[in-house]
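I have placed the structure first, in the form of structure tokens, so that the comments after it can refer back to it.
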Amino acid sequence: HGDHVGWNTRMENGRWVPTFPKARYLFSKKEYTYWSEVHQKTPLAQITDSVLPIIEANRAELVTSDHELNDHIRLTPSPGHTPDHFSVCAGKGGDKAVFTGDLIHSPLQARYPELVMRVDTDREQGVRTRRAFFERYCDTDTLCCTMHFPSPSVGYIKRWDNGFKLEYLS
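Numbering (our numbering), first residue to last: 35 to 204.
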């Protein structure tokens with residue numbers, strides 16, 4: 035997503051190049067197609083400077099949102115914010131940590147999963163996905179690493195009344 039790709043590239047001799055030229059950059063194939071179509075209609079700076087240079091350098095690997103990198107890291111679908119949004123799970127033999135990406139933008143969405151972002155592409159799907167995510171990880175030992183919560187932005191999902199909350203690490 036546009037707010038998470040800024041370090042993909044760096045300016046070198048007047049052109050954008052991959053920050054890590056030997057790295058593989060995993061993109062959801064469906065997300066890449068979606069954003070490419072949006073970019074064709076209305077060019078987006080973050081696609082031009084942070085995504086296309088990765089494609090042009092042949093460093094992108096287009097994957098499905100349930101892709102497994104290895105025994106320790108896998109992607110898990112979490113659609114709603116965008117059509118093929120995924121979260122990243124880490125841990126061998128079970129989820130020890132999950133990185134939410136844009137699944138949850140505010141602590142309020144834990145308490146009230148039905149709250150949506152104006153820019154969500156499928157709000158109803160986002161609500162279902164958030165609720166399922168909270169139910170899945172509530173009261174487990176899986177560390178939840180959020181991208182948009184204030185610091186500290188990691189903790190454990192706990193039930194709170196008829197909703198949920200993130201119990202922050204101290």
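Beta carbons are placed, not taken as given, at the ideal position from N, Cα and C, and that holds for glycine. Fair warning: this is a prediction, and the values are worked out from it, not measured in the lab.
Asked, Found
"Take every Cβ of the segment 95 to 105, pair it with every Cβ of the segment 70 to 87, and state whether three or more of those distances are shorter than 8 Å.", "no"
"Which of the three DSSP states, helix, strand or coil, is assigned to residue 86?", "helix"
"My output table needs one value for residue 121: the three-state DSSP class, helix, strand or coil.", "strand"
"Take the Cβ of residue 184 as the centre, count every other Cβ of all protein chains shown within 10 Å, and call the residue buried at 16 or more, exposed below.", "exposed"
"Give me the DSSP bridge partner(s) of residue 43.", "52"
"Among the residues of its own chain, which have a CB less than 6 Å from the CB of residue 157, if the five just before and after it don't count?", "150"
"Could you pull out every residue in the same chain whose Cβ sits closer than 8 Å to the Cβ of residue 186, ignoring the five residues on either side in sequence?", "202, 203, 204"
"To the nearest angstrom, report how far apart residue 142 and residue 63 are at their CA atoms.", "31 Å"
"Residue 88 to residue 42, Cα distance in whole Å?", "8 Å"
"According to DSSP, is residue 183 part of a helix, a strand, or is it coil?", "coil"
"Measuring CA to CA, which of 81, 126, 177, 61 is closest to residue 50?", "81"
"Quickly, what does DSSP pair residue 81 with across the bridge? List them, please.", "Residue 81 pairs with nothing; no bridge assigned."
"In angstroms with no decimal places, state the Cα-to-Cα distance between residue 176 and residue 164.", "16 Å"
"From 92, 126, 155, pick the residue whose C-alpha is nearest to that of residue 52; which is it?", "92"
"Pull up the distance between the alpha-carbon of residue 46 and that of residue 83, whole angstroms please.", "12 Å"
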